[in-house]
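A short write-up of the structure that comes next.
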Amino acid sequence: MKTCGEVLVEILEAYGIDTVFGIPGVHTVELYRGLPNTRIRHITPRHEQGAGFMADGYARATGRPAACFIITGPGMTNIATAMGQALADSVPMLVISSVNVSNELGMGEGRLHELPDQNGLVRGVSVFSHRLMRPAELPAVLARAFAVFDSARPGPVHIELPLDVITAPADDLSRDAHRTRYRPGPDPEAIAQAAALLSGARAPFVVLGGGTADAADAARAFVERLGAPTALTVNAKGVLPRDHPLSLGAGLPLAPVIEALQTADVVAAIGTELGETDTIMFGSTLGLAGRVVRVDIDPEQLTRNALPEVAICSDAGLALHALHDALAPRDPAAGAARTAALRAAAAKELRPDYALHGRVLDAVAEALPGVVIAGDSTQPVYGGNMAYDPAGPRSWFNSSTGYGTLGYGLPAAFGAKLGRPDAPVVALIGDGGIQFTIGELATAVELGLSVPILLWNNQGYGEIKQYMADRDIPQIGVDIYTPDFQTIARGFGCRAVRATGFASLRDALREATQAPVPTIIEIDDPDVRSWT
Ligand SMILES: Cc1ncc(C[n+]2csc(CCOP(=O)(O)OP(=O)(O)O)c2C)c(N)n1
Ligand SMILES: [Mg+2]
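So the sequence shown is numbered by our numbering: it starts at 507 and just counts up by one.
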């Protein structure tokens, strides 16, 4: 007789889950009993936050969700931050956990790992959090989770199994996957209205968001037909080719581009929440003067940060196809000229340190064609958000957007490498951020991941130090003790080198992708300014 825990992994396999990140405990061992009967690979991180960040990196690099197996209580509080990041950036992730015995929940009797209300705690960082009360609920709740991943705005989903349910007999359950397999398409009336509005625009402007990451062809055809300058949010980077005449590249947060967006007579915002971390307008509102067309798969997102005149609730790719077909072609020359002028104006606004970060990242892309860069929340990531244009989608993502947590970049790169083993994958993280999740180096050594880790060492919490200085606030708590990362890396079994110039960086990167373990490539911030 198979238990609910055993059957669960069989159903996960039917849904195409091939990787699970987890640290087993006495409450989750029943999930492991059935694993050898499947082709699912189990990865053991060193902290549940690492599990969540790895699952996030895996999903962003591949577009497919991974699962996490997490113990009751501390496992769930540990992964909550990673779920918060995934929720903010619409990243699919399936978190399966245990919870205490169902008829004792909420009693506060001090059971091992007991929380007063685990379900309630996790609800705030998930699309939904379901407590499985009997094995028979399993097929329906997994179908619901995958309906979110396949056909809605994705995000983390949590399913918790009470200890008595995880061990309950479940042999009779169907192992079939029930997938929605469709993407909701646009209403023809809304498309007609949007096309009329866009056709009449004097100087339209397009913003593409992360919702277009898998709709690059449709996005390109649409903006070419409309002939509009097009800005990309961080999570849409690479959707238009970097040298496309209508692409504003990474320049969205720069003042001339923001101003063009704010003053355009018609704006088309596709698959974006128009959030403040993409416009770097912390605490202020974007304020669009023009008429707005929005496309989003989530109706609530259609109303956030800018109320649209035409709201199209649809998959981005399907709506872009329909809009393209409904629009009469416009002369692209005017749009291209506006784009070139905006690009030139934006380049002048780019801070010199951010321009330098862009050059460092261009050197990474030159050394490693097709590179995927998973970044943390560190200065060269902010710089890259404004100055680096990756060659394609799903190849630049970081935790400076949305939830904005530290410690993401290292495990996210490892997760991305597990999802795309043939692609060069690089982590970009600061000396502060890496200390949040540095234990995951052991995981990557164990797995033999050839991941170069660009460690941006400015001896402290540089961005916050600068922020305090700019506001005349005493710089307290930002000059932290800097350990010897070279020795630490070697102690973990990693390689460790220093980059001393652009050529040395390129060589180090190429060597690191051939190594059987991760390589820390340390870049000293003051030195990099004199790199040639
Ligand atoms: C979990 C968490 N704690 C605190 C912060 C606030 N914070 C944002 S950037 C930053 C500095 C990070 O230092 P480092 O990783 O060395 O990057 P640097 O700014 O020096 O380039 C801090 C403390 C945060 N974003 N996330
Ligand atoms: Mg630092």
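For glycine and all other residues, C-beta sits at the position ideal for the given N, C-alpha and C.
Just so it is clear, the structure is predicted and the values come from calculations on it, not from any experiment.
State the CB to CB distance for the pair residue 904 and residue 929, rounded to an integer number of angstroms; the pair is presumed to be in contact (CB under 8 Å).
Wrong, their Cβ atoms sit about 17 Å apart, outside the cutoff.
Helix or strand or just coil, what does DSSP make of residue 575?
strand
In the DSSP assignment, find the beta strand (DSSP E) that holds residue 630 and state where it starts and stops.
First-last for residue 630: undefined, no H or E at that position.
Of the residues 685, 947, 911, 955, the one placed nearest residue 926, counting alpha carbons only:
955
Three-state secondary structure assigned by DSSP to residue 657
helix
Residue of 924, 783, 778, 595 minimising C-alpha distance to residue 800:
778
Quick test of your reading: residue 705 and residue 664, contact by CB under 8 Å. State the CB separation rounded to the nearest angstrom.
With a Cβ gap of about 45 Å, residue 705 and residue 664 do not count as contacting.
Whole angstroms is fine: what's the gap from residue 844's alpha carbon to residue 711's?
10 Å
Ligand 2 heavy atoms versus the CB of residue 937: any closer than 6 Å?
yes
Minimum length 3: unbroken beta strand (DSSP E) runs contained in the segment 822–897:
878–881
Go to residue 599, then tell me how far its alpha helix (DSSP H) extends in each direction, as first and last residue.
No alpha helix (DSSP H) holds residue 599; the beta strand (DSSP E) holding it covers 599–605.
If you reduce the DSSP assignment to three classes, tell me which class residue 652 lands in.
helix
Taking residue 802 as part of the beta strand (DSSP E), name the residues at either end of that continuous run.
797–802
Mapping DSSP to helix, strand and coil, what is residue 736?
strand
DSSP on residue 904, reduced to helix/strand/coil?
strand
Selection from 895, 891, 921 that minimises the alpha carbon distance to residue 547:
921
Quick check: does the Cβ of residue 983 come within less than 6 Å of any heavy atom belonging to ligand 3?
Absent from the structure shown: ligand 3. Ligands present: ligand 1 and ligand 2.
Give me whichever residues DSSP pairs with residue 666 in a beta bridge.
603, 637
Are at least three pairs of beta-carbons, each pair with one atom in the segment 746–758 and one in the segment 671–685, less than 8 Å apart?
no
Is the beta carbon of residue 900 sitting closer than 7 Å to the one on residue 567?
yes
Could you check the C-alpha separation between residue 694 and residue 729 for me, to the nearest Å?
19 Å
On the three-state DSSP scale, how would you describe residue 926?
coil
Buried versus exposed call for residue 543 [16 or more other C-beta atoms within 10 Å across all chains shown]:
exposed
When every heavy atom of ligand 1 is checked, does at least one fall within less than 6 Å of the C-beta of residue 911?
yes
What number of angstroms, rounded off, separates the C-alpha of residue 984 from the C-alpha of residue 970?
7 Å
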